[in-house]
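As you go down the protein sequences, you meet chains A and B in turn.
Here the first sequence is numbered in the working numbering, starting from 1212 and rising by one per residue.
Here the second sequence is numbered in the working numbering, starting from 124 and rising by one per residue.
Ideal Cβ placement from N, Cα and C applies to all residues, glycine included.
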Amino acid sequence: MARFDPAAIRAQFPILATGPDGKRVHYLDNAASAQMPQAVLDAVIRFETTQRANVHRGVHRLAEAATNAYDGARAAVARYLGVTPDGIVFTSGTTAAINTVAHALGETLSAGDEIVISELEHHGNIVPWQMLAQRRGLVLRALPVTAEGTIDLTALDRVVTKKCRLIALAHASNVTGAVLDPAPVAAAARAMGARVLLDGAQRIPHGPLDLLALGCDFYAFSGHKMFAPHGIGVLWGRPDLLAALPPFLGGGGMIEQVTLERTTYATPPRRFEAGTPPIGAAIGLAAAVDWIAGLDWQAATEHEKRLTGRILDGLSAITGAHVIGPTGLQGRLGVVSVVLDGAHPHDVSQILDTHNVACRGGHHCAQPLHARFGVNGSTRASLAPYNGDDDVDAFLAGLADAAARLR
Amino acid sequence: MSDDLYQQAITTLAKAATGAGKLEHPDACETVDNPLCGDRVTMDVELTDNRIARLAHDVRGCLLCRAAASAIGSRAPGRTAGEIVQVRAGLQAMLKLCTVDPIDGWPELTAFQPVAAHKSRHDCVLLPFEALIRALDRAAY
């Protein structure tokens, strides 16, 4: 097998050729937004310049072409995930997908019912459930996080009760990089008759997955973290379950028939896609999954693991650097968050920017997790297949510089 | 450009942490958060004849935020609320309009001029002023 060549992959990403000042950027902020390859850019431009029209409405040829492209995008995403298209709801992103479930499933819940999340969730998988709990008198419970930055599944027996109606957890943490084993979660949920939602925003960019084998009922993710445009995301739901849920947003496109007295709703997935959808972005997402499917993920995963090890080894040589999360390579993705003693993550990230390193500093929309570790924020490097040793080395050199200058 | 943010004057100001701490019996205490980064500034004030007699700040924030709070610690005592509002307006103009006029009586604030180029960091500098002005408003009632 040919050696994995991140430079060849990087060459497919125009933005990675030069940064804002003309120098090549070491882009390590992939957990926030990954970059788009030329194939995705081409697909979006092709649609917007040759097929642009609204979908499911007009009978003219552009509308037909746009509708075919949009439906084709749904089919492409479904194929990639190994599911049927009727379970694929296009949303604006992970947050919108989770909010859709919070409202649609939430309509079926009663006061006293319980929702279980964890201490390491992104705010996008905390706040919608808090809001739902307030609206309907539900109880929100949280699984704790271990010292290694993983969800403590030994607490499932204690936290998941007979009143539990949904367990909503991150498939992978956007801070610690820890990957959840969903099997015990699904088993605990099934034992109580509860549903499972996985926030797949961080897991989905790191290669194909067997969605149906996860044992979840809902899976939410964003396009922009998987090399697609902003403004597109997916809520996958078990088709039978989606069919039993009421809509969330009302409007055009999600109806069967409207009179002034009442409305009957379309079948899923259109029931959950009120208004004009993000058509061009959906076509970009389809191009992104095709692009992802073309990578050698065994090699890419090994490559990311090796780079993660290089980061962890390098951090161990920087005095006062502490990793939040697993310190080993098992059960994790290439997402590493670090706290530098005496240095604020915004200051660290600003200094890293002077080294042409783009990474994230702050709480990463995971304040409860940072509170769990007694810190206000962290500096995060997150990997994609286009990253190489030089990116990691620039990150480590910048971090050492920040440590020296800020203490 | 970003290197300018961490010039010696800013670092020295932050490390001096003038006014850091808590007052035992403040006339008012206000806490302000920056939702973007989770930073938090708590400001205690005591007034005499509508002027700041004493103040103390507790900052959980970045170097820029700590430096701004330290400047407040050294320059704000003896000022009125109106004077502090004027200083903040001058600082906002420096950051948002890139003015280079020194702020009368507050020479340290000139060190924040390079922050103008970094919009995401403006609130880091302004957060302690926001906390102080809210505390002064509360103390006035």
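Distances from the CA of L1523/A to each of H1514/A, G1317/A, W1508/A and G1539/A were compared; the closest alpha carbon is that of G1539/A. Neighbours of I1337/A in chain B, taken as residues whose beta carbon is under 9 Å from its own, are absent, since the nearest beta carbon is some 14 Å off.
DSSP places A1431/A in the strand class (E or B) of the three-state scheme. At the C-beta level, R1543/A and V1390/A come within 9 Å of one another.
DSSP, reduced to helix, strand and coil, places R202/B outside both helices and strands of the structure shown, so it counts as coil. H180/B is outside the set of residues whose beta carbon lies under 9 Å from a beta carbon in chain A. Of the other Cβ atoms in all chains shown, 16 or more fall within 10 Å of the Cβ of L1354/A; this residue is therefore buried.
Per DSSP, the beta-bridge partners of N157/B are D162/B.
Chain-order list of chain A residues neighbouring L128/B: Q1561, by C-beta distance under 7 Å.
Under a criterion of Cβ atoms nearer than 8 Å, the residues of chain B adjacent to G1573/A are, in order, L159, C160 and G161.
Looking only at H1382/A, A1400/A, G1348/A and R1347/A, the smallest Cα-Cα distance to R1369/A is reached by A1400/A. Annotation: Y1597/A to S1384/A spans about 21 Å, alpha carbon to alpha carbon. At a cut-off of 9 Å, the C-beta of L259/B has no neighbouring C-beta in chain A.
Put simply, the CB of T165/B is far from chain A, with every gap to its CB atoms at 9 Å or more.
Under the Cβ criterion of 9 Å, T135/B is not counted among the residues facing chain A. Proximity of chain A to L186/B at the Cβ level (cut-off 7 Å) is accounted for by H1555, D1558 and L1617, in chain order. DSSP, read as helix, strand or coil, puts G1573/A in strand.
By the Cβ neighbour-count rule, P1458/A is buried, with 16 or more other Cβ atoms within 10 Å of its own. Residues of the region 1576-1594 of chain A with a Cβ closer than 8 Å to any Cβ of chain B, in chain order: Q1578, H1581, N1587 and G1588. Closest in C-alpha terms to G1411/A, from the list L1422/A, G1404/A and A1402/A, comes L1422/A. In the three-state DSSP reduction, F1301/A falls in the strand class (E or B).
The Cβ atoms of A1381/A and L1331/A sit closer than 9 Å to each other. Rounded to whole angstroms, the gap between the alpha carbons of P225/B and L232/B is 8 Å. Taking a cut-off of 8 Å on C-beta distances, the region 1587-1601 of chain A touches the region 1557-1576 of chain A, as three or more cross pairs fall below it.
Counting the other Cβ atoms within 10 Å of the Cβ of L1273/A gives fewer than 16, which makes it exposed. Looking at the DSSP output, T171/B bridges to R174/B.
The residues F1438, in chain order, have a CB closer than 6 Å to that of M1247/A in the same chain once the five nearest residues on each side in sequence are set aside.
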